[in-house]
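**Q**
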Amino acid sequence: MIFAIVVSLLFIIVSFLIHEKIGIIAIVITIVAWLLMGLISLLIDPSPLCEFWRKRKWPYL
Numbered sequence: 000m001i002f003a004i005v006v007s008l009l010f011i012i013v014s015f016l017i018h019e020k021i022g023i024i025a026i027v028i029t030i031v032a033w034l035l036m037g038l039i040s041l042l043i044d045p046s047p048l049c050e051f052w053r054k055r056k057w058p059y060l
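Using numbering that gives the first Met the number 0, count along the sequence shown one by one with no gaps and you end on 60.
1) Can you give the Cα-Cα distance for I62 and E50, rounded to whole angstroms?
2) Hey, how far is the Cα of P47 from the Cα of S40?
3) Return no unless some Cβ of chain C is closer than 8 Å to the Cβ of S46.
4) Kindly indicate which residue of W52, L38, S7, G37 has the alpha-carbon position closest to the one of I24.
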């Protein structure tokens, strides 16, 4: 997880050093990649989401 954050930050910094427009595109690509990683992890193991909704519906159980 920490490795992915470091790689994402390096990708954004290097992209901004090359050109500003490329850096903005890199930020969009990074956000989309993180959203896809979260979606894939929920598809693989949806139990954290199920636990979240169970606590929201019946918070005193």
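Where a beta carbon is used, it is the ideal one built from N, C-alpha and C, also for glycine.
**A** With the structure as the only source:
1) An answer regarding residue 62 cannot be provided, because it is not within the stretch 0 to 60 covered by the chain.
2) So the alpha carbons of these two residues sit roughly 10 Å apart.
3) Among the chains of the structure shown, chain C does not appear; only one protein chain is present.
4) Answer by Cα proximity: S7.
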